[in-house]
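Numbering (the UniProt record's numbering), first residue to last: 1 to 616. Where is the CB? At the ideal position from N, CA and C, for every residue including glycine. So the structure is just underneath, and the comments pick up after that.
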Amino acid sequence: MADIIQLLPDHVANQIAAGEVVQRPASVVKELLENAIDAGADTIKLIIKDAGKILVQVIDNGKGMSTTDARLSFERHATSKIRNAEDLFQLHTKGFRGEALASIAAIAHVELKTKQEHDDIGHVIVIEGSKVASQEVVVTPTGTSVSVKNLFFNIPARRNFLKSDTVELRHVIDEFHRVALAHPNISFAMYNNGSESFNLPISNYRQRIVNIFGNKTNEKLVPVEEDTEVLKVSGFVGKPEFAKKTRGEQYFFVNNRFIKSAYLNHAIASAFEGLLKNGTHASYFLNLTVDPQTIDINIHPTKTEIKFDDEHTLYALLRSAVKHSLGQFNIAPVLDFERDPNLDTPYSYKGDASNTPKVEIDRSFNPFQEETHSRAKAVSYKKEATENWEGLYVGLESKGNTSEQDFEEVHFESEECTASIFDDNQVEQKNTTYQLHNKYIVNTIKSGMLVIDQHRAHQRILYEDFLKNITIKKAASQQLLFPLQLHFSKQDIEIINQLKDDLEHTGFVFSDVKEESSVAITGVPVSVPESEVSIILEQLISDVENEVPDSNFSATDLLAKSMAKSLAIKTGQSLQKDEQEHLVNKLFACKEPNVSPTNRTTFITMSVDELDKKFI
1 MADIIQLLPD
11 HVANQIAAGE
21 VVQRPASVVK
31 ELLENAIDAG
41 ADTIKLIIKD
51 AGKILVQVID
61 NGKGMSTTDA
71 RLSFERHATS
81 KIRNAEDLFQ
91 LHTKGFRGEA
101 LASIAAIAHV
111 ELKTKQEHDD
121 IGHVIVIEGS
131 KVASQEVVVT
141 PTGTSVSVKN
151 LFFNIPARRN
161 FLKSDTVELR
171 HVIDEFHRVA
181 LAHPNISFAM
191 YNNGSESFNL
201 PISNYRQRIV
211 NIFGNKTNEK
221 LVPVEEDTEV
231 LKVSGFVGKP
241 EFAKKTRGEQ
251 YFFVNNRFIK
261 SAYLNHAIAS
271 AFEGLLKNGT
281 HASYFLNLTV
291 DPQTIDINIH
301 PTKTEIKFDD
311 EHTLYALLRS
321 AVKHSLGQFN
331 IAPVLDFERD
341 PNLDTPYSYK
351 GDASNTPKVE
361 IDRSFNPFQE
371 ETHSRAKAVS
381 YKKEATENWE
391 GLYVGLESKG
401 NTSEQDFEEV
411 HFESEECTAS
421 IFDDNQVEQK
431 NTTYQLHNKY
441 IVNTIKSGML
451 VIDQHRAHQR
461 ILYEDFLKNI
471 TIKKAASQQL
481 LFPLQLHFSK
491 QDIEIINQLK
501 DDLEHTGFVF
511 SDVKEESSVA
521 ITGVPVSVPE
531 SEVSIILEQL
541 ISDVENEVPD
551 SNFSATDLLA
561 KSMAKSLAIK
571 TGQSLQKDEQ
581 EHLVNKLFAC
591 KEPNVSPTNR
601 TTFITMSVDE
611 LDKKFI
């Protein structure tokens with residue numbers, strides 16, 4: 001039998017490795033930014049075009065590379081970070097695999113410009129699909145500039161898996177945030193399609209968070225500090241009242257490396273236990289410093305997962321540190337059994353200056369004076385004479401002697417006239433609608449019964465109403481007495497600006513939209529309570545960021561789906577009889593009553609025959 005095992009060509013092996021390392025443009029951004037940090041740069045620029053599909057360029061002022069190093073950096077497993085296997089447990093750099101540039105060069109057009117400080121000229125290398133197209137000398141500043149163009153140009157099937165520009169750009173910005181937050185001692189700038197998105201100067205950690213997420217973030221932060229032999233914790237957690245429905249602002253950094261850990265996230269959640277509303281998540285920006293020998297980073301190509309030597313100890317220390325900070329800054333309630341609550345100053349009197357109390361004296365008061373007229377004054381009722389009480393009964397005696405036939409002349413209102421208004425079958429109202437477990441509405445029909453999911457059914461009703469308002473007519477708006485000020489990040493404001501026209505058609509009225517941080521709303525749709533506005537917009541932003549584009553994708557459809565999902569009747573909500581009947585009637589007046597906006601079944605029918613079979 002002939003031999004069937006053979007070595008794969010280098011370009012095929014590189015493309016296979018690229019499938020692990022490079023999943024989307026954000027993966028390229030992460031690898032290039034980390035390489036720039038490892039090069040010792042203190043100023044890094046990121047340039048993006050078309051969400052990174054056309055261009056991802058990172059420019060740094062690091063130490064640069066020699067001609068040999070620049071050429072060798074595109075070979076697989078070529079790295080300057082480690083020398084032997086033992087170095088994997090003494091890592092002080094971002095990269096160590098030596099696969100990133102080789103993987104990127106296998107599926108894109110890459111141009112590398114680099115120059116060391118002591119050299120007069122630099123070098124430029126152009127690689128297309130793992131093949132070196134040219135290598136020349138060039139005049140360039142000290143440092144390195146890497147341009148990645150036409151990502152997945154030679155793998156069109158992989159390119160088709162990329163999502164819309166809005167979603168891909170959001171992933172790029174997330175990676176930029178993770179790297180920038182981990183290194184406040186480095187200046188970062190980001191440019192998207194020629195416009196500046198971020199300009200982050202060198203600052204402390206708190207200022208870096210504020211520069212990224214907006215000035216309003218400063219008042220939300222509670223500092224966390226803990227230093228032990230096993231773990232050093234520093235950073236900030238968000239106050240419970242600013243908790244969000246999404247998990248966007250949750251960052252763990254271990255030795256200046258962003259990681260994801262559901263176990264450590266649970267430690268934070270348990271520290272906030274009893275302080276958060278249901279369905280909300282606290283924000284945190286925490287730096288964990290541990291001994292490199294107690295962690296293993298080499299378990300995933302993206303290096304966002306880490307194995308800890310003693311997770312249980314880290315869990316307890318982290319939970320204790322966060323809980324201590326919440327109590328120290330009076331965020332969490334503290335029990336003090338020696339405190340007398342009667343001595344607390346009421347909130348209404350805080351800040352008021354103390355005044356000397358006025359004493360009023362009744363100088364006419366004489367304690368030795370006899371009270372002679374006190375009882376007479378207390379009597380305020382005067383009994384009137386009842387001499388003419390017999391007059392009340394004058395004439396009754398004569399009326400009492402009248403014959404019974406006189407009563408026949410008295411005409412009373414006939415009670416039979418009311419029966420002619422309604423028919424007998426209309427007066428008897430049968431309860432044909434019932435609510436089961438505050439989740440399903442059961443309705444009787446001729447063939448059996450109908451079971452409706454109230455949440456999905458209401459979603460369908462609201463979805464079609466919003467679509468009609470956006471596309472055909474403008475919905476009615478309820479004006480607010482005071483404008484509602486909501487604060488969002490710069491990226492969220494951009495999404496709101498994109499959907500502003502459609503939101504106004506649903507009934508929202510915007511008086512002011514500031515690009516930096518805030519949105520002022522003066523009117524809301526009639527069906528939307530003021531307290532739900534921030535939740536609706538946060539849910540809408542989250543849906544826009546995570547939406548997968550298809551042939552029917554449109555901002556209008558997405559807006560209607562998102563608002564319907566936010567405002568629909570929730571499972572567990574009790575409904576009155578008339579509300580149940582109204583929901584049933586509105587559902588079957590829809591164009592597509594069978595499914596919800598997310599294509600899930602809204603109701604099922606069960607015939608009498610099917611019920612009979614259950615009792616066989």
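For R208, the enclosing alpha helix (DSSP H) has its first and last residue at 205-213. Put simply, of V526, N256, K232, N265 the residue whose alpha carbon is nearest the alpha carbon of G248 is N265. Ranked by Cα distance from D502, the first of E530, Q491, I470 is I470. Runs of the beta strand (DSSP E) spanning 3 or more residues and lying entirely within the UniProt domain "MutL C-terminal dimerisation" (432-575) occur at 433-436, 440-445, 448-453, 477-487, 509-513, 518-525, in chain order.
Contact annotation, G122 with V148: C-beta distance approximately 18 Å; criterion of less than 8 Å not satisfied.
When only Cα atoms are considered, I461 and K565 end up about 11 Å apart.
The continuous alpha helix (DSSP H) containing A316 extends over residues 311-328.
The Cβ atoms of L481 and T522 do not sit closer than 7 Å to each other. In this structure T602 is in contact with L587, their Cβ atoms being roughly 7 Å apart against a cut-off of 8 Å. Following the DSSP letters along the chain, one finds I47 inside the beta strand (DSSP E) bounded by residues 43-49. Check the Cα spacing between S447 and each of V584, L326, S270, T605: the tightest is with T605. Residue pairing from DSSP leaves N154 without any beta-bridge partner. Taking all protein chains shown into account, A262 has fewer than 16 neighbouring C-beta atoms within 10 Å of its C-beta and is therefore exposed.
Collapsing the DSSP output to three states places I104 in a helix. The criterion of a C-beta distance shorter than 7 Å is not satisfied by V126 and K113. Distance check between N438 and each of D543, K577, F258, I54 places K577 closest, using alpha-carbon atoms only.
With 16 or more other Cβ atoms from the protein chains shown falling within 10 Å of its own Cβ, P597 counts as buried. Per the C-alpha coordinates, the member of Q57, S103, D69 positioned closest to R76 is S103. Non-local C-beta neighbours of Q485 in its own chain, meaning closer than 7 Å and more than five positions away in sequence, comprise S518, A520, ordered along the chain. Per DSSP, S134 is one residue of the beta strand (DSSP E) stretching across 131-138.
For the pair of segments examined, the stretch 348-368 was found not to touch the stretch 251-258: the number of CB pairs separated by less than 8 Å stays below three. Beta-carbon to beta-carbon, I441 and V584 are separated by about 6 Å, close enough to satisfy the 8 Å threshold. Taking the C-beta atoms as reference points, S164 is found no nearer than 7 Å to I59. Put simply, the stretch 156-175 does not touch the stretch 128-137. Fewer than three CB pairs are less than 8 Å apart. Residue burial is scored here from C-beta neighbours: I495 has at least 16 other C-beta atoms within 10 angstroms and is therefore classed as buried.
Remark: fewer than three beta-carbon pairs, one from each stretch, lie closer than 8 Å, so the stretch 183-198 and the stretch 451-465 are not flagged as touching.
Counting along the chain, E196 sits inside no alpha helix (DSSP H); it lies in the beta strand (DSSP E) bounded by residues 195-200.
Here Y205 really is in contact with G235; their C-beta atoms are around 7 Å apart, less than 8 Å. Residue burial is scored here from C-beta neighbours: D42 has fewer than 16 other C-beta atoms within 10 angstroms and is therefore classed as exposed.
If you draw a straight line from the Cα of G279 to the Cα of K232, it is about 30 Å long. The residue among L275, T289, N61 with its C-alpha nearest the C-alpha of S283 is L275. Rounded to whole angstroms, A243 and T217 show a C-alpha spacing of 12 Å. With contacts defined by Cβ atoms closer than 7 Å, A100 and V21 form a contacting pair. Contact check for I259 against I306 passes: the beta carbons are separated by less than 7 Å. By the CB criterion at 7 Å, V322 and V172 fall outside the cutoff.
Only buried fits Q454, as 16 or more other CB atoms lie within 10 angstroms of its CB.
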